[in-house]
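Reading through the structure tokens given below for one structure.
There are 2 protein chains.
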Amino acid sequence: MFGDQGGRNDLVRRHNLALVLRRVHLAPATRSELTRVSGLNRSTIGALVAELVDRGLVVEDEAAGAGQVGRPSPLVRPSDAPVAIAVNPELDAVTVAAVRLGGRVLAKERIAFDAPPSPEEAVGAAAEAARRLLPDGAGRIVGAGVAVPGVVRRTDGLVRLAPHLGWHDVPIAEMLAEALGVHAGAANDASLGAQAEWVFGAGRGVVDLVYVHGGASGVGGGIISGGVLVSGATGHAGELGHIGIRRGGESDTIGVRGTLESEVRRSALLQVLGLDRADPDEFEAALLADGSRPVRDEVRRQVAALAVALASTINLLNPSRIVLGGFLSALAAAAPDRLAEAVAARALPLPDEPVDIRRAALGSDLLLIGAAELPFARLFADPLPG
Amino acid sequence: MFGDQGGRNDLVRRHNLALVLRRVHLAPATRSELTRVSGLNRSTIGALVAELVDRGLVVEDEAAGAGQVGRPSPLVRPSDAPVAIAVNPELDAVTVAAVRLGGRVLAKERIAFDAPPSPEEAVGAAAEAARRLLPDGAGRIVGAGVAVPGVVRRTDGLVRLAPHLGWHDVPIAEMLAEALGVHAGAANDASLGAQAEWVFGAGRGVVDLVYVHGGASGVGGGIISGGVLVSGATGHAGELGHIGIRRGGESDTIGVRGTLESEVRRSALLQVLGLDRADPDEFEAALLADGSRPVRDEVRRQVAALAVALASTINLLNPSRIVLGGFLSALAAAAPDRLAEAVAARALPLPDEPVDIRRAALGSDLLLIGAAELPFARLFADPLPG
DNA sequence: CAAGATTGTTGTGGCGTCCAACATAATGCC
DNA sequence: GGCATTATGTTGGACGCCACAACAATCTTG
Numbered sequence: 116m117f118g119d120q121g122g123r124n125d126l127v128r129r130h131n132l133a134l135v136l137r138r139v140h141l142a143p144a145t146r147s148e149l150t151r152v153s154g155l156n157r158s159t160i161g162a163l164v165a166e167l168v169d170r171g172l173v174v175e176d177e178a179a180g181a182g183q184v185g186r187p188s189p190l191v192r193p194s195d196a197p198v199a200i201a202v203n204p205e206l207d208a209v210t211v212a213a214v215r216l217g218g219r220v221l222a223k224e225r226i227a228f229d230a231p232p233s234p235e236e237a238v239g240a241a242a243e244a245a246r247r248l249l250p251d252g253a254g255r256i257v258g259a260g261v262a263v264p265g266v267v268r269r270t271d272g273l274v275r276l277a278p279h280l281g282w283h284d285v286p287i288a289e290m291l292a293e294a295l296g297v298h299a300g301a302a303n304d305a306s307l308g309a310q311a312e313w314v315f316g317a318g319r320g321v322v323d324l325v326y327v328h329g330g331a332s333g334v335g336g337g338i339i340s341g342g343v344l345v346s347g348a349t350g351h352a353g354e355l356g357h358i359g360i361r362r363g364g365e366s367d368t369i370g371v372r373g374t375l376e377s378e379v380r381r382s383a384l385l386q387v388l389g390l391d392r393a394d395p396d397e398f399e400a401a402l403l404a405d406g407s408r409p410v411r412d413e414v415r416r417q418v419a420a421l422a423v424a425l426a427s428t429i430n431l432l433n434p435s436r437i438v439l440g441g442f443l444s445a446l447a448a449a450a451p452d453r454l455a456e457a458v459a460a461r462a463l464p465l466p467d468e469p470v471d472i473r474r475a476a477l478g479s480d481l482l483l484i485g486a487a488e489l490p491f492a493r494l495f496a497d498p499l500p501g
Numbered sequence: 116m117f118g119d120q121g122g123r124n125d126l127v128r129r130h131n132l133a134l135v136l137r138r139v140h141l142a143p144a145t146r147s148e149l150t151r152v153s154g155l156n157r158s159t160i161g162a163l164v165a166e167l168v169d170r171g172l173v174v175e176d177e178a179a180g181a182g183q184v185g186r187p188s189p190l191v192r193p194s195d196a197p198v199a200i201a202v203n204p205e206l207d208a209v210t211v212a213a214v215r216l217g218g219r220v221l222a223k224e225r226i227a228f229d230a231p232p233s234p235e236e237a238v239g240a241a242a243e244a245a246r247r248l249l250p251d252g253a254g255r256i257v258g259a260g261v262a263v264p265g266v267v268r269r270t271d272g273l274v275r276l277a278p279h280l281g282w283h284d285v286p287i288a289e290m291l292a293e294a295l296g297v298h299a300g301a302a303n304d305a306s307l308g309a310q311a312e313w314v315f316g317a318g319r320g321v322v323d324l325v326y327v328h329g330g331a332s333g334v335g336g337g338i339i340s341g342g343v344l345v346s347g348a349t350g351h352a353g354e355l356g357h358i359g360i361r362r363g364g365e366s367d368t369i370g371v372r373g374t375l376e377s378e379v380r381r382s383a384l385l386q387v388l389g390l391d392r393a394d395p396d397e398f399e400a401a402l403l404a405d406g407s408r409p410v411r412d413e414v415r416r417q418v419a420a421l422a423v424a425l426a427s428t429i430n431l432l433n434p435s436r437i438v439l440g441g442f443l444s445a446l447a448a449a450a451p452d453r454l455a456e457a458v459a460a461r462a463l464p465l466p467d468e469p470v471d472i473r474r475a476a477l478g479s480d481l482l483l484i485g486a487a488e489l490p491f492a493r494l495f496a497d498p499l500p501g
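Note that the protein sequences, when read in sequence, are chains R and Y. Under our numbering, think of the first position of the first sequence as 116, with each following residue one higher. Under our numbering, think of the first position of the second sequence as 116, with each following residue one higher.
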């Protein structure tokens, strides 16, 4: 908690405030629940909650008593006031949302583009949308976060490389902070998706988790180890798409051959399905419905490739759960047993410690919820000035 | 630091004691240096050091003043009294050592075996050796650690699988604790080697590190992320040997084909070198001296395979440094540029953030120093009762 | 409606660190 | 050699934070 620094007493206070706030962010809880999970004294929890209420970060509902004996404990829920601006630039659009604590998407807007938006266009669209989404007094913006389809340096939100957008060394966080007047962060989209699934989705409560996201343009992911997001030295850990799984093969988006991303592609599945484009639900329905030979073969091929990469990841990181998102979720649904068997065949032979492979639980708001976690994480790190 | 628990004042004290002790364990430091790195007050550092001295964990040397203006600051060094027992069972021997804080190997003993030692034999040999290494009053045993060539559950030191020793679900830590009368831990040998290189070797000061160890029986490793050893859900993260890198190929020690361990093998190098067996120095000398075609080809083949696995690991974890130990150190030395280029070709194209690939710095004491870190880590977690 | 149970509230005490003033011990200049 | 300067150890008092205990509040149960 204090890192390499010496701990002072006021840091204890900050830590405990963050603990309560983060817990309430995960899910509303009564004061007595907070007391139990934190191990702190009732009186201390009372003081902490009171301070957070003072700061406008949480609210207390009187209602609670659900048939329990004893004095009812007030339910502590995140306040509606603090709002994070989440931005997700893509090939053909920029999506902007206002997100409340608890991962509640308050309002969302999609601004279409004909060509990939430039950084300036994306920031401009985000700033305008933010003003529309949050008319005066509708909330207090605590920060902003950008989910970028590319390699992002997490420390300062510099987009090192976003091939599909054509961005290269773009200080997107800085630009957005300038435009909005609040602090902004940026990170890889799949890595933020991982965080969202971890906090609110299929990875809830799990401490060692790997999330793998299959997007139209490639495969990415995120790693949570010991309850902490693994960011790596410069913050772009989690690039599962570039795991090497075979010799030769086709090239992926960064020109490397035989990687997960070059073998497991949504476009190849669309092709055998005879579809031009499809939204996630249509895609999955088509994949499950079509039992033709070419589709079965392609699914088998891709599941086998995915299994190699997952097994490598499992042997490397020993997660207790793997969450598959994007089109990988549909791919896994098309052959779940085959996938599980292929993974088990290549992973360490510990049959009584099987890895739990699941489908992502969050829908289209995934990346926006994840992007909002960037400013919220800052809030948790130091709840008071916010 | 406090995990999910609420922080209390006495935990701050414990944290700060551990901070000082761990820092002194890394390298002796003056009190003023401790003040600077911790950010704590002079008076607080004084009190913390005094308490650690009281407990017999550190000592203060009067000498220090190296031409500096001002009152000289006493040098704080780890005490000689606390000793950890380190045990490393292998195919043909059990090595036991007494290790002091600071990673100083006080005494070492190798007990030879004709057949792989059984758990009982290994523990018996360790207990006997410990008595010989530490006659009465030569120190206070703070705990024991076992470096096992196999898959070990870190939480309780259960050997899940050690194929070369023929061990399966052996509670080795428990057995050793029973025999020695102190707490004992156990972990995978390569993972402990990673920790040793991180603390005292080529990974010193680095916060995001991957260590890869090439042993006679296979390839293993360890991951440090954000200054914390990644242990995974059950503590056997770091099995780099079983990363899949190609289709087909030979089987590795757990029967999977086309893994790093099946492609990069010491025995294959020994074979082309025409050697039956060789110690590490002889092996490296022979590899560097022999420029014949078969040797060059085999080195190239293995370097290429290693590069695929390293690049996958880099893309997954974004470490700032990779340390190669065991025979991989010699392999890298035989073709350093080729390795660097092959890795760069498959890693994310960020040429200004190159990964620093280095050879291990610690010698034959690596695993013993790493094993000793297990009990020492416990000591740091709670310095007082120890 | 009373007993029992659980939780919020309040005031006191202990613990750990910071701070400021003072003491100590080196260097550097004369 | 003596004195100013500088850096650090040492000591006592103050502040902040949490635990604890006693009391108050409010529910369920019979």
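In this text, a Cβ means the ideal position worked out from N, Cα and C, and glycines have one as well. Because the structure is a prediction, the values reported are computed rather than measured.
query: For residue 206/Y, does the three-state DSSP call read helix, strand or coil?; result: coil
query: For residue 109/R, which residues in the same chain have their Cβ closer than 7 Å to its Cβ, ignoring the five residues on either side in sequence?; result: There is simply no residue 109/R to check, as chain R begins at 116 and stops at 501 in what is shown.
query: Is residue 336/Y buried or exposed, if buried means 16 or more other CB atoms sit within 10 Å of its CB?; result: buried
query: Can you tell me whether residue 391/R is buried or exposed, with buried defined as 16 or more other CB within 10 angstroms of its CB?; result: exposed
query: Using 8 Å as the cut-off, can you tell me whether the region 421-432 of chain R makes contact with the region 396-405 of chain R, which would need three or more C-beta pairs spanning the two stretches below that distance?; result: no
query: So is the beta-carbon of residue 146/R under 6 Å away from any non-hydrogen atom of the ligand GDP?; result: The ligand GDP is not part of the structure shown, which contains no ligands of any sort.
query: Taking only beta carbons into account, state which residues of the region 233-263 of chain Y come closer than 7 Å to chain R, listed in chain order.; result: none
query: One question on the structure: do residue 420/R and residue 484/R come within less than 7 Å of each other, judged by their Cβ atoms?; result: no
query: Check distances from the C-beta atoms of the region 300-333 of chain Y to those of chain R and list, in chain order, the residues that come in under 8 Å.; result: 322, 323
query: Measure from the C-beta of residue 427/Y to each C-beta in chain R and report whether the shortest distance is under 7 Å.; result: yes
query: Sort 248/Y, 473/Y, 469/Y by Cα distance to residue 451/Y and report the nearest one.; result: 473/Y
query: Which chain R residues are close to residue 362/Y, counting only those with a beta carbon under 7 Å from its beta carbon?; result: 361
query: If you follow the beta strand (DSSP E) that residue 148/R is part of, which residue opens it and which one closes it?; result: Segment 146-153 is the alpha helix (DSSP H) holding residue 148/R; no beta strand (DSSP E) there.
query: Evaluate contact between the region 336-354 of chain Y and the region 457-470 of chain Y, counting only Cβ atoms and requiring at least three cross-stretch pairs below 8 Å.; result: no
query: Out of 289/R, 284/R, 316/R, 133/R, state which residue places its alpha-carbon closest to the alpha-carbon of residue 238/R.; result: 289/R
query: Is residue 501/Y buried or exposed, if buried means 16 or more other CB atoms sit within 10 Å of its CB?; result: In this prediction, residue 501/Y scores a pLDDT of 47, lower than 50, which makes its location untrustworthy; no coordinate-derived value is stated.
query: Would you mind stating whether residue 264/Y and residue 277/Y have Cβ atoms separated by less than 7 Å?; result: yes
query: Following the continuous alpha helix (DSSP H) through residue 140/Y, name the residue where it begins and the one where it ends.; result: 124-141
query: At 3 residues or longer, and completely inside the region 257-286 of chain Y: list those beta strand (DSSP E) runs for me, N to C.; result: 266-268, 273-277, 282-285
query: Give a yes or no on contact between the region 224-244 of chain R and the region 167-187 of chain R, applying the rule of three or more CB pairs nearer than 8 Å.; result: no
query: What residue from 493/Y, 496/Y, 131/Y, 486/Y has the CA that sits closest to residue 310/Y's CA?; result: 486/Y
query: If you measure beta-carbon to beta-carbon, which residues of the region 454-476 of chain Y are closer than 8 Å to chain R?; result: 460, 461, 462, 463, 464, 465, 468
query: Please classify residue 191/R: does DSSP put it in a helix, a strand, or coil?; result: strand
query: By DSSP's criteria, residue 175/Y is part of a beta bridge. Which residues make up the other side?; result: 191/Y
query: DSSP three-state call for residue 470/Y: helix, strand or coil?; result: coil
query: If we cut at 7 Å on Cβ distances, does residue 392/Y have a partner in chain R?; result: no
query: Measuring CB atoms only, is the region 201-214 of chain R touching the region 152-165 of chain R, in the sense that at least three cross pairs come out at less than 8 Å?; result: no
query: Tell me which residue opens and which closes the beta strand (DSSP E) that residue 347/R is part of.; result: Note, residue 347/R: premise wrong, no beta strand (DSSP E); not H, not E.
query: For residue 495/Y and chain R, any beta-carbon pair shorter than 7 Å?; result: no
query: Which residues of chain Y have a Cβ atom closer than 9 Å to the Cβ of residue 143/R, listed in chain order?; result: Simply none; closest approach about 17 Å.
query: Scan the region 333-351 of chain Y for residues whose Cβ lies nearer than 8 Å to a Cβ of chain R and list them as they occur along the chain.; result: 338, 340, 341, 342, 343, 345, 346, 347, 348, 349, 350, 351
query: Between the Cα of residue 368/Y and those of 334/Y, 343/Y, 194/Y, spot the shortest distance and give me the residue it belongs to.; result: 334/Y
query: Three-state secondary structure (DSSP) at residue 357/Y?; result: helix
query: For a contact defined as C-beta to C-beta under 9 Å, what are the partners of residue 437/Y on chain R?; result: Here the premise fails: no neighbours, minimum Cβ distance about 11 Å.
query: Have a look at 246/Y, 252/Y, 251/Y and flag the residue whose alpha-carbon is nearest the alpha-carbon of residue 259/Y.; result: 246/Y
query: Could you check how far apart the C-beta atoms of residue 188/R and residue 153/R are, in whole angstroms? I think they sit under 8 Å.; result: 14 Å between Cβ atoms; not a contact.
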